[in-house]
Amino acid sequence: MSKHDSSLQSQNPISSAQNSVENVHRAVNHALSHPTAQTTEEAHNAIEKAENSVAQACIQSHSPAVQQAADSLDQEIERLNTLNTFD
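Sequential numbering from 1 applies to the sequence shown in UniProt numbering.
Shown next, in the form of structure tokens:
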């Protein structure tokens with residue numbers, strides 16, 4: 001199987017975790033630029049899904065990519081928490 005063929009396979013847990021963290025990044029950006037209860041809730045929901053996805057990836061692998069996804073998720077959580085400091 002060529003490398004190109006393997007890219008057509010369904011997502012593995014690591015790429016799923018990375019995609020989930022990218023979704024969190026977008027949701028947090030939206031919540032920070034449009035701080036409403038709905039956008040904040042959407043960001044929290046994205047974080048919850050990403051936490052599950054990263055945990056699943058950790059079970060599969062302890063690769064640097066998984067650690068990077070976990071670190072990025074932590075940074076996004078910190079960014080979202082800055083909303084609470086403006087209350």
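In this text, a Cβ means the ideal position worked out from N, Cα and C, and glycines have one as well.
Three-state secondary structure (DSSP) of residue i
i	result
Gln9	Only weak support is given to the placement of Gln9: the predicted model assigns it a pLDDT of 49, under 50, and the value that follows is read from those uncertain coordinates. In this structure, Gln9 counts as coil in the three-state DSSP scheme.
Pro35	coil
Ser53	helix
His62	coil
C-beta atoms of residue i and residue j nearer than 8 Å
i	j	result
Leu83	Pro35	yes
Gln60	Ile14	yes
Ala57	Val24	no
Cut-off 7 Å between Cβ atoms - residues of its own chain near residue i, not counting five sequence neighbours on either side
i	result
Thr40	Ala31 and Leu83
Cβ-Cβ separation, residue j to residue i (assumed contact under 8 Å), whole Å
i	j	result
Ala43	Val28	5 Å
Own chain, CB closer than 6 Å to residue i, minus 5 neighbours either side, in chain order
i	result
Ala69	Ala17, Gln18, Val21 and Val54
Nonlocal neighbours in the same chain, by C-beta distance under 8 Å from residue i, ignoring five residues either side
i	result
Asn12	Gln60
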